[in-house]
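First to last, the protein sequences are chains B and D. The working numbering numbers the first residue of the first sequence as 1 and each following residue consecutively. The working numbering numbers the first residue of the second sequence as 1001 and each following residue consecutively. Even for Gly, the Cβ is constructed at its ideal location relative to N, Cα and C.
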Amino acid sequence: MATKLPPVDILIVGMGWTGGILAKELAQTGLKIAVLERGGNRSTQNDFGVPLIRDELRFSQRHDLMMDVSRETYTIRNKPSETALPMRRLGSFLPGEGVGGAGVHWNGVTWRWPDHELRIRTRYEERYGKNFIPADMPLQDWGITGAEIEPYYDKFEYTAGVSGKAGNLKGQIQPGGNPFEDPRARDYPNPALNQNYASKLFSKAATELGFHPYPRPTANASQPYTNPDGMKLGQCQYCGFCERFGCEANAKGSPHITVIPVALRNPNVELRTHCWATKVLKDSTGKKATGVAYVNMLTGEELEQPAELVILSAYGLSNVHLMLLSGIGKPYDADAQTGVIGKNYAYQGGSNVAMFFEGANFNPFIATGGWGASIDDFHTNWDFDRGKQGYIGGSYISVGGSHGRPITYRPVPPGTPPWGSAWKRATAKWYQGSMAIGASGMVLPNRYNALDLDPTYKNRFGQPLMRMTFDFKENEQKMNRHSAEVIGRIARAMNPTIMGTPTPRLTWNVVPYQSTHNTGGAIMGADPGNSALNKYLQSWDVPNVFVTGASAFPHNSGYNPTGPVGALAFWMADAIREKYLKNPRPLV
Amino acid sequence: MQSTRSRLVMLLAIAGSMAAHSATAAEDPVKGKTQFEQCVTCHSLAAGDNGVGPTLHGLFGRKSSAEEFNYSPAMRRVNVTWTPELLDTYLADPQGGAFRGNRMPFSGLPDAQARADLIAYLKQATK
Chain B
1 MATKLPPVDI LIVGMGWTGG ILAKELAQTG LKIAVLERGG NRSTQNDFGV
51 PLIRDELRFS QRHDLMMDVS RETYTIRNKP SETALPMRRL GSFLPGEGVG
101 GAGVHWNGVT WRWPDHELRI RTRYEERYGK NFIPADMPLQ DWGITGAEIE
151 PYYDKFEYTA GVSGKAGNLK GQIQPGGNPF EDPRARDYPN PALNQNYASK
201 LFSKAATELG FHPYPRPTAN ASQPYTNPDG MKLGQCQYCG FCERFGCEAN
251 AKGSPHITVI PVALRNPNVE LRTHCWATKV LKDSTGKKAT GVAYVNMLTG
301 EELEQPAELV ILSAYGLSNV HLMLLSGIGK PYDADAQTGV IGKNYAYQGG
351 SNVAMFFEGA NFNPFIATGG WGASIDDFHT NWDFDRGKQG YIGGSYISVG
401 GSHGRPITYR PVPPGTPPWG SAWKRATAKW YQGSMAIGAS GMVLPNRYNA
451 LDLDPTYKNR FGQPLMRMTF DFKENEQKMN RHSAEVIGRI ARAMNPTIMG
501 TPTPRLTWNV VPYQSTHNTG GAIMGADPGN SALNKYLQSW DVPNVFVTGA
551 SAFPHNSGYN PTGPVGALAF WMADAIREKY LKNPRPLV
Chain D
1001 MQSTRSRLVM LLAIAGSMAA HSATAAEDPV KGKTQFEQCV TCHSLAAGDN
1051 GVGPTLHGLF GRKSSAEEFN YSPAMRRVNV TWTPELLDTY LADPQGGAFR
1101 GNRMPFSGLP DAQARADLIA YLKQATK
């Protein structure tokens, strides 16, 4: 029998970026807030100091800061006719765990997704006609506009200390920035980071081909920075241990050095670590959440925390799983085309090409997480004619180079044997002389790409695992073939000694790492018939449950998701504080 | 251990000569305060306020192995007493010489004038 605790006003599940933002913003109300985090606590002092944090084997290969798949995992299949099997090792994507979540070990890349993505169905229908959208693609507007969310993008960028160069200030195109971005009220809080040699070569070639390169915006502070809450970030030291690692210099905008300590200064906010939420509890009507059941992972004790308002702010996939386990909203059925929870799961695709320059010194070990140069000519550029290519969406193309670490970074030209003395000679010869161009492609929803509960496999509490059904469809295959053609053109213009084959991703496999940009499953929208949440990320079915995260995205961009994830958390916090708490009700 | 000590002796000798050299340049603690903005993420000036790095309150005259902070093995091993001259050497290349392997994630201040300004500021601010 679970122990029932004294009630709190607001219960937050998950203490990463969005849990931290919500806790900080709602702490000002004076209400009593409890936050459950299934992993442990972390601090830069104790956990991310050098030399400990420079352990590539522990953090990069063995995923020390990430989800432990021996406790819970997902079952995976490419299509409904297959039997899904549990993912027993992390590979394709790396969900975070512990205080700060994946915000601790992200690279920092922070984008503003444009209005034509937020109103994607309307904009494509207007421009290309209704028939341009495939019948099996449930393409949906988000229920918000670019103008509505702009101030919240700004809030997140200033909180995380993003470094970048504005491309469009209040409608004025800025030289050197991304000319295709939506208008922004002000520039990034920090100037763009230094550019590496590979990015300079890429930018030169891209400019000569008529494209528009700009420095990629990222939450790696290019200078010492104090954010609006008074939290201090150090200057990035270009150490090359960013993605998969915590930052030793507090230079990466991360929740454990920004929003979380601000929230915890307030005595009304209580953080409980090693507490695993197993179910959102509801009253007899099924329309009201009464609290959350959870397990103390250190003692095994089962507890119930009653609350007036429940906010799910775990990793997006975990939010969807918890909603399915708790019956918050109707589960999606791909065959019957009914229900909403689990619908519109999406991922990211793209293409890449490796290049080798005899005698060049790219110094790959000098790196930050998100630096580099990008072009948006085939992505955020709305003038790019998708009609000619026959696909919806697009790809942004970049040269980055986030590390030159000894285990992972071993680029060798095509045709090199995979082991032995010839491989050793090649890896030594080309360590300094190689670089790559990558395209990150959008994934549009498909009726069969979805999440549901697995019929066979269970987690350590005996609850069904969540099942993921996903593959790239014809729309993405066309898009990725096109981006491979474009990056091939840029690569040839750079005139490398040896050039690999530009390779599009045409099918999805869970084994090699690709991207931790899993989206959808608990999507926002304007219609309760085809979305799980309203425009304020409030559950249509159980209005005292709000859900943050990329699980709310009705489709996936080529862009990294953290910009809108952070912005929507601030947007939701405003809606709760200014609208919901004054009169708890469905806000739409 | 012997090699560490002999390196340290060399390092201190170099520190002395550099300090003598830089003594001719005018030091500006106001500019030094600006330089110090690079340090504040990790270093406080308030007594007992350790963060990612130790507080700099009472820095000069303090041992690099003082018990109030969880110093790196490298910093404990060198076991020096901080002086303005030694700090100048350290900040020129924080991973140089006997300090190699310490935990401070900072690439250093290669500009001697910038170091002189910073140290002039710290002489006032760490008291």
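Interface flag, residue i vs chain B, CB-CB below 8 Å
{"i": "Thr1055 (chain D)", "result": "no"}
{"i": "Ala1023 (chain D)", "result": "Reliability fails at Ala1023 (chain D), whose pLDDT of 47 lies under 50, so the model's placement of it is uncertain and no value is given."}
{"i": "Val1040 (chain D)", "result": "yes"}
{"i": "Ser1107 (chain D)", "result": "yes"}
Nearest-angstrom beta carbon gap, residue j and residue i [assumed within contact, 8 Å]
{"i": "Leu312 (chain B)", "j": "Val13 (chain B)", "result": "5 Å"}
{"i": "Leu36 (chain B)", "j": "Val292 (chain B)", "result": "7 Å"}
{"i": "Tyr214 (chain B)", "j": "Gly167 (chain B)", "result": "6 Å"}
{"i": "Asn544 (chain B)", "j": "Val340 (chain B)", "result": "Rounded, the Cβ-Cβ distance is 18 Å, inconsistent with contact."}
{"i": "Gln235 (chain B)", "j": "Gln1095 (chain D)", "result": "The pair is not a contact, with the Cβ atoms about 17 Å apart (cut-off 8 Å)."}
{"i": "Leu26 (chain B)", "j": "Ala307 (chain B)", "result": "Going by Cβ atoms, the distance from Leu26 (chain B) to Ala307 (chain B) rounds to 12 Å, so no, they are not a contact pair."}
{"i": "Thr368 (chain B)", "j": "Tyr238 (chain B)", "result": "6 Å"}
{"i": "Gln223 (chain B)", "j": "Asn190 (chain B)", "result": "6 Å"}
{"i": "Pro356 (chain B)", "j": "Trp430 (chain B)", "result": "Position check: residue 356 (chain B) holds Phe in this sequence, whereas Pro was assumed. The Cβ separation is near 6 Å, so the contact holds."}
{"i": "Asp9 (chain B)", "j": "Lys32 (chain B)", "result": "5 Å"}
{"i": "Ala336 (chain B)", "j": "Gly520 (chain B)", "result": "In fact, because the Cβ distance is near 19 Å, the residues do not count as touching under 8 Å."}
Any non-hydrogen atom of the ligand COA within 7 Å of residue i CB
{"i": "Asn475 (chain B)", "result": "With respect to the ligand COA, the structure shown offers nothing to examine, as it has no ligands at all."}
Contact set between residue i and chain B, taken where Cβ atoms lie within less than 9 Å
{"i": "Pro1094 (chain D)", "result": "Here the premise fails: no neighbours, minimum Cβ distance about 10 Å."}
Proximity test, Cβ basis, 8 Å: residue i and chain D
{"i": "Asn107 (chain B)", "result": "no"}
{"i": "Cys242 (chain B)", "result": "no"}
{"i": "Gly161 (chain B)", "result": "no"}
{"i": "Lys232 (chain B)", "result": "yes"}
Pair within 8 Å by beta-carbon distance, residue i and residue j
{"i": "Gly1131 (chain D)", "j": "Cys1042 (chain D)", "result": "Not covered by the structure: residue 1131 (chain D). The range shown for chain D is 1001 to 1127."}
{"i": "Tyr396 (chain B)", "j": "Gly176 (chain B)", "result": "no"}
{"i": "Pro413 (chain B)", "j": "Ala426 (chain B)", "result": "yes"}
{"i": "Ile392 (chain B)", "j": "Asn475 (chain B)", "result": "yes"}
{"i": "Glu248 (chain B)", "j": "Ile53 (chain B)", "result": "yes"}
{"i": "Ile1119 (chain D)", "j": "Asp1088 (chain D)", "result": "yes"}
{"i": "Trp371 (chain B)", "j": "Arg216 (chain B)", "result": "yes"}
{"i": "Ile149 (chain B)", "j": "Ala567 (chain B)", "result": "yes"}
{"i": "Ala334 (chain B)", "j": "Arg447 (chain B)", "result": "yes"}
{"i": "Arg42 (chain B)", "j": "Val99 (chain B)", "result": "yes"}
{"i": "Ile437 (chain B)", "j": "Asn352 (chain B)", "result": "yes"}
{"i": "His590 (chain B)", "j": "Leu298 (chain B)", "result": "Outside the displayed span of chain B (1 to 588) sits residue 590 (chain B), for which this structure offers no information."}
{"i": "Leu90 (chain B)", "j": "His116 (chain B)", "result": "no"}
Contacts that residue i makes with chain B (C-beta to C-beta distance below 8 Å)
{"i": "Gly1051 (chain D)", "result": "Gln45"}
{"i": "Arg1103 (chain D)", "result": "Gly49, Val50, Pro51 and Glu248"}
{"i": "Glu1037 (chain D)", "result": "Pro224"}
7 Å Cβ cut-off: residues of chain D touching residue i
{"i": "Gln235 (chain B)", "result": "Gln1038"}
Per-residue contacts from residue i into chain D (C-beta, under 8 Å)
{"i": "Cys602 (chain B)", "result": "Residue 602 (chain B) lies beyond the range of chain B shown here (1 to 588); nothing can be said about it."}
Three or more C-beta pairs under 8 Å: does that hold for the segment 315-324 of chain B against the segment 540-553 of chain B? Output reads yes: the segment 540-553 of chain B touches the segment 315-324 of chain B.
Across the segment 245-257 of chain B and the segment 73-87 of chain B, are there enough close Cβ pairs to call them in contact, namely three or more that are closer than 8 Å? Cβ pair count under 8 Å is below three, so no.
Take every Cβ of the segment 481-497 of chain B, pair it with every Cβ of the segment 104-111 of chain B, and state whether three or more of those distances are shorter than 8 Å. Segments in contact, no.
Take every Cβ of the segment 566-585 of chain B, pair it with every Cβ of the segment 503-513 of chain B, and state whether three or more of those distances are shorter than 8 Å. Under the Cβ criterion (8 Å, minimum of three pairs), the segment 566-585 of chain B does not count as touching the segment 503-513 of chain B.
Meets three-Cβ-pair contact criterion under 8 Å: the segment 255-268 of chain B and the segment 277-284 of chain B: Note that the segment 255-268 of chain B does not touch the segment 277-284 of chain B; fewer than 3 beta-carbon pairs, one per stretch, sit closer than 8 Å.
Indicate whether the contact test is met: 3 or more Cβ pairs, each with one atom in the segment 494-502 of chain B and one in the segment 328-336 of chain B, closer than 8 Å. Touching, no, given that fewer than three Cβ pairs across the two stretches are closer than 8 Å.
Taking contact to mean at least 3 C-beta pairs separated by less than 8 Å, is the segment 134-151 of chain B in contact with the segment 191-210 of chain B? No: fewer than three Cβ pairs fall under 8 Å.
Three or more C-beta pairs below 8 Å linking the segment 260-267 of chain B and the segment 1063-1081 of chain D: They do not touch, by the three-pair rule.
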